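Quick mapping for you: the protein sequence lines, in order, are chains A and B.
Using my numbering, read the first sequence as starting at 2 and increasing by one per residue.
Using my numbering, read the second sequence as starting at 6 and increasing by one per residue.
Each remark here refers to the structure printed beneath this line.
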Amino acid sequence: MVVGQAAVPRDIGILEWLFDSQSWTGANGIVASLTDTVILCTIVMAVAIVTMVPLAAWLAHTRRGEVSVSWMVTLSRAIPTFAVAGLLVPISLRNGWGFEPWPIFIALLLLALPPIFLNTYTAIKQVDPGAVDAARAMGYSPANVLFRVELALAASVILAGVRVAAVTVVATEPIRAFLGGDGLGRYVRDGLGQNNDSLVIAGAALVAGLAGLTALSFRTIERVALPEGVRRVARTATRQE
Amino acid sequence: MNRPVLTMKKLIALLLAFAFVFAACGDGDGDAAVDGPTIRLRGQDFSEAVTIAEVYGQYLQAKGYDVEILTPAGFRTEAIDGLRNGELDLIVDYIGGSLTALAPDAASSSNPDEVVSVIGPAYEEIGATLLDYSPAVDGDALVVRGDSTASTISDLADLGYVFGSSAQCFERPQCFLGYTDPAIYGITFSDTVTIDFGPLLGEALAAGEVDAVVWNTTAPQIGEQGFKVLEDDQGLHPAQNIAPIIMTAVLDEYGDQLRDDLNELSALITTADLLAWNTETDIAKRESDDVAAEWLETKGLTS
C-alpha cells in the first residue's frame, strides 16, 4: 500500500464526507489529524503557562517594570503569526531542523504568551491591598502572601487568560498545514488546492468545532475548580475593566 | 434643534466635485488605435504566469488594443471560471494544464497537437477560442537532488523516497496517482509531504526533508541549487506549451488582425525566455511588468 492521501471526490457532500468512517480513520484521517493538533496545542499551552504565570506573578507581586511590561505585551499582540511561522520555515530547513515542530511551535507560543501574561499580571496587581495588608499583619511570609492570598484571589482572571490563549492557539494551529505540516488544517489546505469546497467547509467546521470545545472545557474547569466567592470577585473585576 | 451639518447647497457642490473627479479618471487611456471592446486579461497568481500576462497585455497595448491587465489572482480554475462568467476575455494557460482542468479523463499526451485537439473543442464549448500554442514549454518536472542515483522517474521505483508536492498533485492522474499507479510508474514512496508550490519546494529538497518534488521545468532554482530533473520515460507528463485563449465574441469583433497579432507573439516566446523571466523575477526579485516591458523592447515589439 502506498503512503499518501486518497483523493476525495470533488462532488462529495459536506455531511457525506464528515459521516464517512473512512474520513476519520487511517494515517490521514480526522482522528490522527486531531491528535496531531491537540498534542501540539497542549505542549504550546503548557510551556506558555509554566513560563508566563510565575514570571507575571513575580513581576506583579514586586510591582516591577510596569511600563515596559505593558508595552511589550501590546507590541507582541501585533505580531503576525503566519508571517513569523512562514519566515521561520526556511531558516529551520536550512539548519536541518525540518518543517516541524520549531517554526509553528514558536509562532503559536508568541500567540499564547501575551494573554496569559497580561491576565496574570493584571489579576495579581488588582488584588485588594486590604487583603494583602491583613495577611501581612497576620504574619504571612512574602511567599505565603503570593500563593495563599494574591494567586488565590487572582485565579479566576488567570484562568480566563489561559482560556483565551488556548482558544486562539487552537484556532490558529491549522496554519501549520500550509507550512509543510499536517494537523487539522490539512482538509482546508487540500480542499483549497484541489478546488473541493466541501472539504474546505468541513475542514473549517472541524477547526471551529475544536476551538469551541476548547472554550467550553475551560469554562467548565473554571466553574468546577474555583469556589463561588472567588468567581464573584472575578465577575466584579471583569465588569470594572 | 438639530442644525444640519450638510446643507443642500454643500451637498450638491460635493456631488458635482465627485462627478468631475470620476469623469476625469475614466478618461485615462482613450487613445486606442484599433476599434473594439476592452480586452480584460488576468494572470494566474505565480510569477511566471504574471510575467506572461504582462507580456501579452503590454504587447497588445502597444499594438493599440484597449487592454485592461487585472491584478493577478487565483490559478487555472479561477482563470477558466473568469472566461465562463464573463469576467475575463483573455487568459494564457499551459495546454496540458487546461487538459487536466477541462477533460480530466482524457488520455494525457506529450504531443502538443494531440492535447490541443482535445482542449480546442472544450474551450469552444464555453465560447472561447484557443489560439496557436507557443514553442515555449513549462512542463511538470519530478526533481531530485543532484547526488541522487536516479536519472529517470522509473529509477525511483524502489528507492523509498519521500515525496513532496502541492495538494492538487495528489489527486491528479498525471501526477501523484500516475507515479504510484503500478500500471505506469508504480513507485513506492516512503512518505508524502504537502508543500505550497514555489521556492519552498527547493528549500525542502535541499534540506533533505523530501527526496523528490513536483516542480516545473522553468523553475530557476533547479539550476541554481544543482537539482536534477528526472526524465519522464513513460511519457506521463502532458505537453505544457503556453497558449492564449480568448473569448470568441471579442475575437470576432476585432477580426483576423487580433488573431494574427497574438499568434505572432506566441511564436516568438521560447522556453529559454520563460526561464530568463523567472530568473529575473524570482532570483533577482524584479517586478514582472518591468521584465515583460524589457523583453518586448529587446524583441522590437513595442515602439
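Glycine included, every Cβ here is placed at the ideal spot set by N, Cα and C.
Here the structure is a predicted model, which means the values were calculated and not measured.
With a threshold of 8 Å between beta carbons, is residue i in contact with chain A?
i	result
residue 179 of chain B	no
residue 171 of chain B	yes
residue 322 of chain B	The question about residue 322 of chain B has no answer here: the residues shown for chain B are numbered 6 through 308.
residue 105 of chain B	no
residue 176 of chain B	yes
Pick out whichever of the options has its Cα sitting closest to the Cα of residue i.
i	options	result
residue 76 of chain B	B/204, B/61, B/49	B/49
residue 89 of chain B	B/282, B/99, B/107	B/107
residue 175 of chain B	A/96, A/188, A/92	A/188
residue 218 of chain A	A/168, A/133, A/60	A/168
residue 213 of chain B	B/241, B/137, B/148	B/148
residue 12 of chain A	A/229, A/230, A/200, A/204	A/200
residue 15 of chain A	A/215, A/222, A/197, A/208	A/197
residue 175 of chain A	A/156, A/206, A/151	A/206
residue 129 of chain A	A/22, A/26, A/150	A/150
residue 284 of chain B	B/259, B/228, B/241, B/258	B/228
residue 240 of chain B	B/152, B/55, B/157, B/47	B/157
residue 78 of chain B	B/54, B/177, B/280	B/54
Could you compute how far the alpha carbon of residue i sits from the alpha carbon of residue j?
i	j	result
residue 32 of chain B	residue 95 of chain B	A caution first: residue 32 of chain B carries a pLDDT of 43, below 50, which makes its placement in the model too unreliable to give a value.
residue 10 of chain A	residue 20 of chain A	15 Å
residue 265 of chain B	residue 57 of chain B	18 Å
residue 202 of chain A	residue 31 of chain A	14 Å
residue 186 of chain A	residue 255 of chain B	42 Å
residue 287 of chain B	residue 51 of chain B	10 Å
residue 191 of chain A	residue 99 of chain A	21 Å
residue 93 of chain A	residue 139 of chain A	54 Å
residue 43 of chain A	residue 109 of chain B	43 Å
residue 68 of chain A	residue 80 of chain A	19 Å
residue 34 of chain A	residue 184 of chain A	4 Å
residue 137 of chain A	residue 227 of chain A	24 Å
residue 203 of chain B	residue 182 of chain A	16 Å
residue 215 of chain B	residue 97 of chain A	12 Å
residue 276 of chain B	residue 186 of chain B	30 Å
residue 153 of chain A	residue 181 of chain B	57 Å
residue 133 of chain B	residue 126 of chain B	9 Å
residue 208 of chain A	residue 85 of chain B	31 Å
residue 44 of chain B	residue 189 of chain B	42 Å
residue 156 of chain A	residue 123 of chain A	11 Å
residue 302 of chain B	residue 270 of chain B	13 Å
Closer than 8 Å, CB to CB, is residue i near chain B or not?
i	result
residue 91 of chain A	yes
residue 37 of chain A	no
residue 78 of chain A	no
residue 260 of chain A	An answer regarding residue 260 of chain A cannot be provided, because it is not within the stretch 2 to 242 covered by chain A.
residue 195 of chain A	yes
residue 217 of chain A	no
residue 213 of chain A	no
residue 100 of chain A	yes
residue 181 of chain A	yes
residue 191 of chain A	yes
residue 160 of chain A	no
residue 19 of chain A	no
residue 177 of chain A	no
residue 94 of chain A	yes
residue 245 of chain A	In the structure displayed, chain A extends from 2 to 242; residue 245 of chain A sits before or after that span and is not available.
residue 184 of chain A	no
residue 97 of chain A	yes
Go through its chain and collect everything with a Cβ distance to residue i's Cβ below 7 Å, but skip five positions before and after it.
i	result
residue 49 of chain A	110, 113, 114, 117, 166
residue 245 of chain B	99, 100, 101, 102, 142, 143, 144, 145
residue 162 of chain A	116, 117, 119, 120, 121
residue 30 of chain B	Note that residue 30 of chain B scores a pLDDT of 48, beneath 50, so its modelled location is shaky; the value from the coordinates is reported in the next line. Excluding sequence neighbours, residue 30 of chain B sits near nothing in its chain.
residue 268 of chain B	136, 137
Got a sec? Which residues, its chain only, sit under 6 Å from residue i by beta carbon, not counting five neighbours each side?
i	result
residue 206 of chain B	200, 218, 220
residue 35 of chain B	With a pLDDT of 43 at residue 35 of chain B, under the threshold of 50, the modelled position of that residue is not reliable, and no figure is offered here.
residue 53 of chain A	114, 117, 118
residue 306 of chain B	64
residue 80 of chain B	49
Beta-carbon within less than 8 Å of residue i's beta-carbon, same chain only, minus the 5 sequence neighbours each way: which residues are those?
i	result
residue 278 of chain B	141, 300
residue 64 of chain A	126
residue 46 of chain A	113, 163, 166, 167, 170
residue 296 of chain B	56, 59, 282, 285, 286
query = Can you give, in chain order, each stretch of the alpha helix (DSSP H) that sits fully within the region 212-270 of chain B and has at least 4 residues?
reply = 225-229, 253-259
inquiry  = Ignoring anything shorter than 4 residues, give me the alpha helix (DSSP H) runs that lie fully in the region 16-50 of chain A, in order along the chain.
reply    = 22-25
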